[in-house]
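Numbered continuously in the working numbering, the sequence shown closes out at residue 281. We treat Cβ as the ideally placed atom computed from N, Cα and C, and that holds for glycine. Input: a single structure, listed below in structure tokens.
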Amino acid sequence: MIQSAVTVSLVEEARGGPFVLWDDLPAACELASKLGYDAIELFAPSPNVVDSGELKSLLDQHQLKLAAVGTGAGMVIDGLSLIDTDRARREIAIEFVRSMIEFGSEFGAPAIIGSMQGKWGNRLSKDAALDLLRDALDRLGADAEQHGTRLIYEPLNRYETNLINTIDDGVAFLKTLKSENVKLLADLFHMNIEEVNLADAIRAGGSFIGHVHFVDSNRRPTGNGHMDYAPIAAALKEIGYDGYASAEAFPWPDPNAAAEQTISQFKKWFRD
Ligand code: LER
Ligand code: MN
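In structure tokens, the structure reads:
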């Protein structure tokens, strides 16, 4: 059964970004639980800013799970990328993701590679960039497997990466990896920009889809844009998707209203 999650950002530098709840982890857990979410998805500056024991007791207290951990702070704060042409910088990026994998794995949560995938250009050709990304995802996929969790790779829209923009290209790329432990993130916002048809893309993605960012066409919370959810929900059910539909959206008009809006839409599409 598809589970609900809501994003929580603790990254000051990402202010203005598409995260529903901000700053206060205990308050976010309290609200998520009160509204009936199954889980939170955490976007943190580094694993060190959140004490694992405290997070565990917060999640236990509010009967929540950790759906996933984002790694984009490595890019937002330190400009790290898994395809940096400087080998030493690339290893720092890989080590950062590794630390996030380890942190998430204590809670059974996968780490997400979104903006840490970087962009090709300047002295780096697209093929060379994809080779570097393949190598990084193979290493990190194996690392996640050792930690008993998966790694999630997110195709982004063309304004955020020039590497892989569609689910179809994502599937083709994952098929070239040695690791079978990397799954795709279907972010409906990115897909709305890049896909011909979102439901068809989900059906074609099938078992490669391991996480969903549940959001509207304009990145506002579900129901505040022009996304056609009926065929999308039907496609997710048809492929037997049983991961999270996680609210990664602007806190519009405010965080509480955005969280409330998303859970009521989640129930409409996945529970009725
Ligand atoms: C970025 O646009 C995004 O969708 C995030 O999930 C990845 O950092
Ligand atoms: Mn996303």
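Report the option in the options whose CA atom is closest to the CA atom of residue i.
| i | options | result |
| --- | --- | --- |
| K192 | F198, P240, K184 | K184 |
| H222 | E203, A210, H199, E189 | H199 |
| P264 | G150, K276, L30, T16 | L30 |
| S55 | L44, A102, R96, C38 | A102 |
| N190 | A208, P230, A37, R148 | R148 |
| D225 | I218, D140, G214, S255 | S255 |
| L133 | Q12, N171, G179, V15 | N171 |
| S188 | E154, L194, N131 | E154 |
Pull up the DSSP beta-bridge partners for residue i, would you.
| i | result |
| --- | --- |
| I49 | V15, L75 |
| Y253 | Q12 |
| V221 | A195, A254 |
| I161 | I121, K192 |
| L133 | G130 |
| L30 | V17 |
Looking only at its chain, what residues have a beta carbon closer than 6 Å to the beta carbon of residue i, apart from the 5 residues adjacent to it on each side?
| i | result |
| --- | --- |
| N227 | G234 |
| G81 | G123, S124 |
| A244 | A208, I211, R212 |
Have a look at residue i and residue j and give me their C-alpha separation to the nearest angstrom.
| i | j | result |
| --- | --- | --- |
| S66 | P119 | 19 Å |
| L186 | R159 | 14 Å |
| K128 | D87 | 15 Å |
| I121 | A268 | 21 Å |
| G282 | W261 | There is simply no residue 282 to check, as the chain begins at 10 and stops at 281 in what is shown. |
| H71 | A137 | 46 Å |
| N166 | Y238 | 19 Å |
| V205 | E257 | 22 Å |
Leaving aside the five residues before and after residue i along the sequence, list all residues of the same chain whose C-beta is less than 7 Å from its C-beta, in chain order.
| i | result |
| --- | --- |
| D152 | R107, I110 |
| A242 | W278, F279 |
| I49 | A14, V15, V17, A37, C38, A41, L73, L75, A76 |
| R284 | No answer is possible for residue 284: the residues shown for the chain start at 10 and end at 281. |
Apart from the five residues on each side of it in sequence, which residues of its chain come closer than 8 Å, Cβ to Cβ, to residue i?
| i | result |
| --- | --- |
| A23 | F52, G81, A82, V85 |
| V59 | L19, L34, L51, A53, F112 |
| Q270 | P230, T231, G232, N233 |
Within the continuous beta strand (DSSP E) that includes residue i, where are the two ends?
| i | result |
| --- | --- |
| A118 | Neither: A118 is in no beta strand (DSSP E) and is coded neither H nor E. |
Got a sec, what are the start and stop residues for the alpha helix (DSSP H) residue i sits in?
| i | result |
| --- | --- |
| L68 | 61-70 |
| A266 | 264-279 |
| E204 | Neither: E204 is in no alpha helix (DSSP H) and is coded neither H nor E. |
| G83 | 82-87 |
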